[in-house]
Amino acid sequence: MASFYEGLERGAAEEIERLSRLMFELRNNRDQLLATWKVREADALLERIRAGEVDEHPAYEAWLSLRILDDTRLATRTLLDERLWEMSLR
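All letters in the sequence shown, in the order written, are residues 120 to 209 by the working numbering.
This is the structure in structure tokens:
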């Protein structure tokens, strides 16, 4: 099986590697936080806070963290897609 990075410039391959690793770490951190609060998504935690099922603090901070992780993951995915698209045009 050919390497995914075969034919790419070293700098480009390293950037893709970093972005891919960041995506993996963001996803894992998000999954751990969701599991801690026994929810499937950030909005479910916010609903538990509103319903009084969990204490506002630290649950609200966890909800904010989940939102930041989601936003960062989306931005990273967009950047990775852009880089892969640029490389496919070369």
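All residues carry an ideal CB built from backbone N, CA and C; glycine is no exception.
Q. Alpha carbon to alpha carbon, what distance is there between Ala-131 and Leu-203?
A. 9 Å
Q.
Is the separation between the beta-carbon of Leu-138 and that of Thr-195 shorter than 7 Å?
A. yes
(Q) Please state whether the Cβ-Cβ distance between Arg-186 and Leu-145 is less than 7 Å. (A) no
Q: Enumerate in chain order the residues of its own chain whose CB-to-CB distance from Leu-164 is below 7 Å, with the five nearest sequence positions on each side excluded.
A: Trp-156, Val-158, Ala-178, Ala-181, Trp-182 and Leu-185
Q: Decide if Met-120 is buried, meaning its Cβ has at least 16 other Cβ atoms within 10 Å, or exposed.
A: Note that Met-120 scores 42 on pLDDT, short of 50, meaning its location in the model is unreliable and no value can be drawn from it.
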